[in-house]
Amino acid sequence: MTAFCVFGITEPLARKSAEAASKTWLAKMSSQERAEVTAATVDAWIRDRTAEMLKNGKPKQVSAAFDAPQFAEDWIALAKRTVKARGLRVMVRGEKTDRHGATVISKRTKRPVIAWVPYQP
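The number in my numbering is simply the position in the sequence shown, starting from 1, with 69 added.
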């Protein structure tokens, strides 16, 4: 059973997202504006967007699922040594709770909703 993973934001993930956003950014421009944009301008925009996402981006699942929390902790240690990362934390599959601490119940299945929740050793 794979019940643990790592959530956070890493530079490669932020860069990939910024590259996808750059295509939308270019598509929204008029053809005249697009003709004036150079590759250096696009690269600078991607760098700025990557830095912004690293600073303010929403954490996402950045690792594969693991069988035990120590594997996720090893992944975090390796990621900290090799790439820029922010907010890395181990998450576990568990019952989702609302802001009052009550378990969220699925309207369709009438069972608790299972989601990634912070791991408490």
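Just so you know, even glycine gets a beta-carbon here, dropped at the ideal spot from N, CA and C.
For clarity, every value in this text was computed on a predicted model and none was experimentally measured.
Three-state secondary structure (DSSP) at residue i?
{"i": "T172", "result": "strand"}
{"i": "Q101", "result": "helix"}
{"i": "K129", "result": "strand"}
Would residue i pass as a contact of residue j if the rule is Cβ separation under 8 Å?
{"i": "V75", "j": "W144", "result": "yes"}
{"i": "E164", "j": "P187", "result": "no"}
{"i": "R150", "j": "T119", "result": "no"}
{"i": "K124", "j": "T79", "result": "no"}
{"i": "T178", "j": "T172", "result": "no"}
Between residue i and residue j, which are expected to be in contact by the criterion C-beta below 8 Å, what is the C-beta distance as a whole number of angstroms?
{"i": "G156", "j": "P190", "result": "18 Å between Cβ atoms; not a contact."}
{"i": "S132", "j": "A141", "result": "7 Å"}
{"i": "A148", "j": "T71", "result": "Actually they are not in contact, since the Cβ atoms of A148 and T71 sit about 18 Å apart, beyond 8 Å."}
Locate the beta strand (DSSP E) running through residue i, then write down its first and last residues.
{"i": "V159", "result": "154-164"}
{"i": "F76", "result": "73-79"}
{"i": "V186", "result": "183-187"}
Specify, as a first and last residue, the run of the alpha helix (DSSP H) that residue i falls within.
{"i": "K149", "result": "138-151"}
{"i": "A108", "result": "108-125"}
Next item on the list: Evaluate contact between the stretch 77-95 and the stretch 105-124, counting only Cβ atoms and requiring at least three cross-stretch pairs below 8 Å.
Entry: As far as the Cβ criterion goes, the stretch 77-95 touches the stretch 105-124, which means the pair count is three or higher.
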